[in-house]
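Reviewing the structure listed below.
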Amino acid sequence: MTLKEKMLSGQKVYGTMIRLQRNPAVVFYAKNAGLDFLMYDCEHGAFNFETLHDLFITGNAMGFPGLLRVAEPTKDWISRALDMGASGMLVPMTETAEQAREIVRWSKYAPIGERGFGTALAHSDYVIGGRHTDVMRANNDKVLSIAQIETRLGVDNAEAIAGTDGIDALLIGPNDLSIALGFPGELMHPVELEAIAHVAAACRKHGKGFGVHAGAAMHEKFSKDETFLMMQSDMDILDAGFRNIRKTLETME
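Given below as C-alpha cells:
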C-alpha cells in the first residue's frame, strides 16, 4: 500500500519536516523510528536538486517516500521534483481553486493533468524503455498533490480547493495562518481553530486527506479529522537533543 492509498483509506500517516539534514542516512533514522514519510523543505530550506535526488532515491529503494515542499507551484519545481523521485509535493500559500488546478496540472499525468513524460528517470526506477501507460498510471496512483492552507483566502476557498480533482490533501500551516488572521503566534486562538475546523470539514466532505503541521496540542484538538500528520522539523529535533544533553549532565554535578 502506498502512502497515498494508506492516507485516503482513512489511516493516519506520520512525518516531519527536513530543512538541514542532507545525508541520506536521515532516511534510515526516520524509517527505523516508525515514521511514514519525510517532507523536505524548499520554501525555507536550501536544498538543491542533486541533493534531493539522492534523498528521494534512497527512500524509494527502502520503500520510504520523500515529499517536497516546493518554493512555488511551477512546472520547474513540481514536475522536476517528481522526475527526481519525489512521491509528492506540498505547495505553500494555496488560496484558490485555480491555483489548485495548476498544482494538479504539473503533478499528474494525463488524463488528470499535463505533466511531461521523461524516460528512464527516478520516477520509473531508471528502467529504459517507454512503458508510458504503466508509468503514467503508477505515478498518478502514487503521487500526493497537497495544497497548504495558510491564509484567510485559502480558508475561504477550502471547499473549492478540496473539491479539485487531483488534489489529494490539504495541510494547514498554522504559523502563517495565525499571522494572516491577525493573531501572530496564537496558534490556539479560537478564530484560528474555527478556520482549521472549516478546512477539515471541506476535506471530509470531498474525501481528501487533512492535516496540520503543528505541535501536540493542535494534533490532539483535530485528532479525529487528521490523516496526514506532521510535527516538528530536524531543527527542533536537534535543538531538543542538544538541550537534553546539557540538562542531563547538569543533574549529575
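So for the sequence shown, my numbering puts the first residue at 133; every next one is plus one.
Idealized CB from N, CA, C, for every residue including glycine.
If you compare alpha carbons, which of the options is closest to residue i?
i    : options                : result
E324 : S211, G286, I369, I278 : G286
L370 : L135, K144, V158, M133 : V158
G295 : F374, V331, E282       : V331
Q280 : K138, D300, M139, E246 : D300
L135 : A270, I304, A292, T383 : A270
Y258 : V202, G177, T283, A193 : A193
P197 : D186, M221, L170       : L170
I150 : Y161, G142, K144       : Y161
S256 : R233, S219, E246, A229 : S219
CA-CA distance, residue i and residue j?
i    : j    : result
K337 : L253 : 37 Å
N307 : I260 : 44 Å
Q231 : E175 : 17 Å
Y146 : L302 : 15 Å
F179 : P224 : 17 Å
F249 : G317 : 42 Å
T226 : T383 : 47 Å
K379 : M363 : 23 Å
E326 : K340 : 19 Å
What residues are listed by DSSP as bridge partners for residue i?
i    : result
V344 : I304
F360 : V145
I150 : Y172
L222 : R201, I278
Return the first residue and the last residue of the alpha helix (DSSP H) that residue i is part of.
i    : result
R237 : 229 to 239
L325 : 322 to 338
F181 : 181 to 193
S211 : 207 to 215
T380 : 366 to 382
L135 : 135 to 140
F354 : Looking at the DSSP string, F354 is not in any alpha helix (DSSP H), and its letter there is neither H nor E.
A162 : 157 to 164
Over the uninterrupted beta strand (DSSP E) stretch that includes residue i, give me the two end residues.
i    : result
I293 : Premise fails: I293 lies in the alpha helix (DSSP H), 290 to 294, not in any beta strand (DSSP E).
L199 : 198 to 201
Report task. Could you tell me which uninterrupted alpha helix (DSSP H) segments, each at least 4 residues in length, are contained entirely in the region 245 to 283, listed from first to last along the chain? Result -> 264 to 274
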